[in-house]
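If you're matching positions, the sequence shown starts at 3 in my numbering and goes up one per residue. See below for the structure under consideration.
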Amino acid sequence: MVWGCISACGMGSLHIWKGTINAERYIQILEQHMLPSRRRLFQGRPCIFQHVNARPHTASITTSWLRRRRIRVLKWPACSPDLSPIENIWRIIKRKMRQRRTKTVEQLEACSFLNKILKFETSTSLYSVFYSQFVQCPNFFGSVFVFNRFVFYF
């Protein structure tokens, strides 16, 4: 499995591990990778954390952990990967892995293309595309979107 984070401020951490994920493992990843990336990228500025509605993300232990740390989480509609900027990156990574016939975690870790993809994608128009998609569906979210260089506020 691969966990990564990006923002309009740049690329965050990328973490690769063997096996599946549960809520406890997800919290460990957030502690070890998301929190340091958040501090580095946002430097105390407000931000909103986005993740999909996977079970480890929505488990009560995870939501409690996020609440205790006062991490604002974007309320995310189910089955909406098209509105998530990182989904484009996962798609590219999967395609590259198929092309290189990457099958093991060790092979994946040896692929320097992962960080190159993240750097390229975060330096392109990824966020302008994301913003234009968001602006097209404010009624779906029931709120008005205010865009600035760092976060989407609801």
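Beta carbons are placed, not taken as given, at the ideal position from N, Cα and C, and that holds for glycine.
Check whether the Cβ atoms of residue i and residue j sit closer than 9 Å, and answer yes or no.
i	j	result
residue 52	residue 78	yes
residue 71	residue 50	no
residue 24	residue 61	yes
residue 63	residue 33	no
Would you kindly work out how many angstroms separate the C-alpha atoms of residue i and residue j, rounded to a whole number?
i	j	result
residue 56	residue 102	28 Å
residue 99	residue 8	20 Å
residue 42	residue 88	18 Å
residue 11	residue 17	19 Å
residue 3	residue 95	12 Å
residue 13	residue 45	14 Å
residue 22	residue 59	13 Å
residue 97	residue 40	28 Å
Could you round the C-beta distance between residue i and residue j to whole angstroms and report it? I think they count as a contact, below 8 Å.
i	j	result
residue 5	residue 35	7 Å
residue 38	residue 15	7 Å
Could you check which residue in the options has the C-alpha nearest to that of residue i?
i	options	result
residue 65	48, 12, 28	28
residue 20	10, 31, 11, 40	31
residue 54	69, 76, 17, 46	76
Using DSSP's beta-bridge definition, name the partner residues of residue i.
i	result
residue 2	Given that the chain is displayed from residue 3 to residue 156, the structure contains no residue 2 and the question cannot be resolved.
residue 51	75
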